[in-house]
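Here the structure is laid out as structure tokens; the discussion comes afterwards.
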Amino acid sequence: MVEINMSRVWREPARLIVLLVMMFCAQVASALDVPPLTGRVVDLAQVLQADVVTSLAGEIEAHEIKTSNQVAVLILPSLEGEPLEEYSHRVATTWKLGQKGTDNGALLLVALKERKIRIEVGYGLEGTLTDLRSAHIIRNEIVPRFRAGDISGGVRAGAEAILKTIEGTYQASEKVAPGLDSDAMGQVVIAGIVGLFVGLGLMNVHRLLGPVVGTGLFVLLAPWLVPALITGGITLLLLLFIGAAGVGGKGRGRHGADDWTWYSSRDGGWSRGSFDSGGFSGGGGDFGGGGASGDW
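Position one of the sequence shown corresponds to residue 17 (the numbering used here), numbered consecutively onward.
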């Protein structure tokens, strides 16, 4: 009888488990820290002038006093490999922007090295600061200024558009159809055209399937049912992609990746950045992932 050495049997799985645990721990340890909420405008990249920070923070504070909504701005030198949406949500929930119970908070996050922008919206503001409106603000208010090298102007325009949208006074720079902006409408038209052509190409599918399944009801409906189903499916998929895609704007601005001075948070936490006066803290608000993302 062959004697089985159980220690050898379990040795390789145990090594694999240890390796996976080490990899997980290393990933957790390398995660980008959430910086402390030192004010309504946290500029860790130091791209905003002090007077701009003070002025913008004052506007946000006045809005909060008037409406109780809490809006904050975070400018990062780099995401350091972190996914934009996950990190933005982590910041917003850690800072607890908005009031507990009403969840009326919003975060504007800019990552300079990656050239990415995110508007994170609390549960209570999702009906006003919708995903489409957030995408519109990024595309029309922030991205053009960033591409022109005006980071300060883009941040200010984006933050002010967020405040005005919540207050119901934001005037879009272009006409937006109810529920869909112009780019989304164009993509819907494209989706319909693609679906139509595919449907027409499959109009004769019954000629192949008819002899196989017989001449019953399926044969009578196949010329219309199959193309209709396929057309509807393609259109639906494209609409889902439109809703999840956020905004465009993949062009490059005037500044290259080496034009900025980056400040790391991995070695001892965030150490540099400008902010407005203290006394600001989150009110216990929560976030569900609503908002929009974009790049420039």
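Don't be surprised by glycine CBs; every beta carbon is placed ideally from N, CA and C.
Item, Value
"DSSP three-state assignment for E142, whether helix, strand or coil", "coil"
"Length of the line joining the Cα atoms of T54 and G298", "11 angstroms"
"Buried/exposed call for P99, threshold 16 Cβ in 10 Å", "exposed"
"Where A47 falls: helix, strand or coil (DSSP)", "coil"
"Residues near R172 in its chain [Cβ-Cβ closer than 6 angstroms; skip 5 each side]", "L72"
"Rounded straight-line distance, which links the Cα of G138 to that of G304", "7 angstroms"
"Residues of its chain near G300, where Cβ-Cβ distance is below 6 angstroms and the 5 sequence neighbours each way are ignored", "K112 and K116"
"C-alpha distance - G307 paired with R161, whole-angstrom precision", "20 angstroms"
"For L92, the residue or residues it bridges with in DSSP", "A127"
"Residues that V57 bridges to, as DSSP identifies them", "V89"
"Same chain, Cβ closer than 6 angstroms to V57, neighbours up to 5 away in sequence not counted", "V69, L72, A73, V89 and D292"
"Same chain, Cβ closer than 7 angstroms to V107, five either side skipped, listed in chain order", "V50, L90, L123 and L125"
"Anticipated Cβ contact below 8 angstroms, E130 with S94, distance rounded", "7 angstroms"
"Per DSSP, the bridge partner or partners of S150", "Beta-bridge pairing links S150 to no other residue."
"Euclidean distance between Cα positions of T83 and I178", "13 angstroms"
"The beta strand (DSSP E) enclosing S309, as first and last residue numbers", "F303 to D311"
"Expected contact under 8 angstroms - CB spacing of E96 and L48 to nearest Å", "5 angstroms"
"Through-space distance from T144 to G184, alpha-carbon basis", "8 angstroms"
"Own chain, CB closer than 8 angstroms to T6, minus 5 neighbours either side, in chain order", "In the structure displayed, the chain extends from 17 to 312; residue 6 sits before or after that span and is not available."
"Buried versus exposed call for A175 [16 or more other C-beta atoms within 10 Å across all chains shown]", "buried"
"Cα-Cα separation between Q65 and Y186, rounded to whole angstroms", "25 angstroms"
"Residue from A127, D59 and W312 with nearest C-alpha to Y103", "A127"
"Cβ-Cβ distance between T181 and I158 below 9 angstroms", "no"
"Cα-Cα separation, G7 to L92", "As shown, the chain starts at 17 and ends at 312. That puts residue 7 outside it, with no answer to give."
"Host alpha helix (DSSP H) of V171 (start-end)", "I167 to E183"
"Beta-bridge pairing of Q62 - partner residues as DSSP gives them", "Answer is none; Q62 lacks a bridge partner."
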